[in-house]
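Engineer: FYI, in the numbering used here the residues of the sequence shown are 54 to 266. For every residue, glycine included, the Cβ atom is placed at its ideal position computed from N, Cα and C.
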Amino acid sequence: QVAQAGSLAQQGRWAQGAMRHEADWKIPGLTDQWFVGWIKEIMRDTYFFDVRGAFIHCPELFAIFSRDIYASPSAITSVKATDYIRFRLVLVDRKLKAVELSPVADHVEAEAEVEATQRGLGRFRGTITRYSENGNMGFIYSPELWDLQDREAFFVSESRSHSVGPASATVSFEAVVHQHGLLQAVSLPASAVLQFGPPKLADTAWSCAALQF
């Protein structure tokens, strides 16, 4: 009965995660942290030269997402290219965005904070529980890793196709912990990811019961 209850609880996480909007995701080590980077590029209108936004380069976030972070025009009124910036990260319409920007005056302090470091935990196997097709990011549940970290592993993928829940495949991955505490699944085999389609809750017998658990 205990095993069955645990299985139902996990199924509940699968069902809720599959339908949860990405903007509601709270990602430890990402959405609860302050990051430091520098203004890499300020974008301007071709004809009127109005500021259209900027991109911030943060080595730690670049190691996670392989891209720089966008900041809106209203957030960069008092900064210029190459300035060091402290900011928070949010998901807006499934896209990464830097908010609450503030200049870092001490460049020595800033340079020390922007170093990207990570600690490897080894290789694990798990199942995808949540996935944003538009955001190319999601979470993997691994019982063994959960025992060590008490949380699911966040992942970023170039694939546009993942399944969620009991029907999804068990994937093998490397787990790393980043400087600010994000637990990330990396080195997912492409063959294990691309062969599965998007989630179809209507095809799962457990969906309604799991949501009531």
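1. Can you name, in chain order, every residue of its own chain whose Cβ lies under 6 Å from the Cβ of ARG176, other than the five neighbours on each side?
2. Give the straight-line distance between the Cα atoms of HIS231 and TRP87, rounded to the nearest whole angstrom.
3. Let me check understanding here. Comparing Cα to Cα, which of PHE118, TYR194 and SER119 lies closest to VAL224?
4. Is it buried or exposed, GLU94, if we count other Cβ atoms within 10 angstroms and call 16 or more buried?
5. For ASP136, does the count of other Cβ atoms within 10 angstroms reach 16, so buried, or fall short, so exposed?
6. What residue from TRP91, SER240 and PHE101 has the CA that sits closest to TYR123's CA?
7. Is GLU153 close to the ligand MG? I mean its beta-carbon at under 7 Å from any heavy atom of the ligand.
8. Rounded to whole angstroms, what's the CA-CA distance from ASP203 to SER240? Just pull it up for me.
9. Would you call the CB atoms of ARG141 and VAL132 closer than 8 Å?
10. Over the uninterrupted beta strand (DSSP E) stretch that includes PRO156, give me the two end residues.
11. On the DSSP bridge list, what partners appear for ALA107?
12. Comparing C-alpha positions only, which one of LEU198, ALA134 and ASN189 sits nearest to VAL209?
13. Our contact map puts GLY82 next to LEU236 with C-beta atoms below 8 Å; I'd like the distance itself, whole angstroms only.
14. Considering only their Cβ atoms, is the gap separating ALA206 from ALA238 smaller than 8 Å?
15. Would you kindly check if the distance between the Cβ of ILE129 and the Cβ of LEU154 is under 8 Å?
16. Pick out whichever of LEU114, GLY106, VAL145 and GLY191 has its Cα sitting closest to the Cα of SER127.
Structural biologist: Quick answer:
1. GLU227
2. 13 Å
3. TYR194
4. exposed
5. buried
6. TRP91
7. Ligands displayed in this structure: none; no statement on the ligand MG is therefore possible.
8. 21 Å
9. no
10. 148-156
11. ILE95 and ALA124
12. ASN189
13. 7 Å
14. yes
15. yes
16. GLY106
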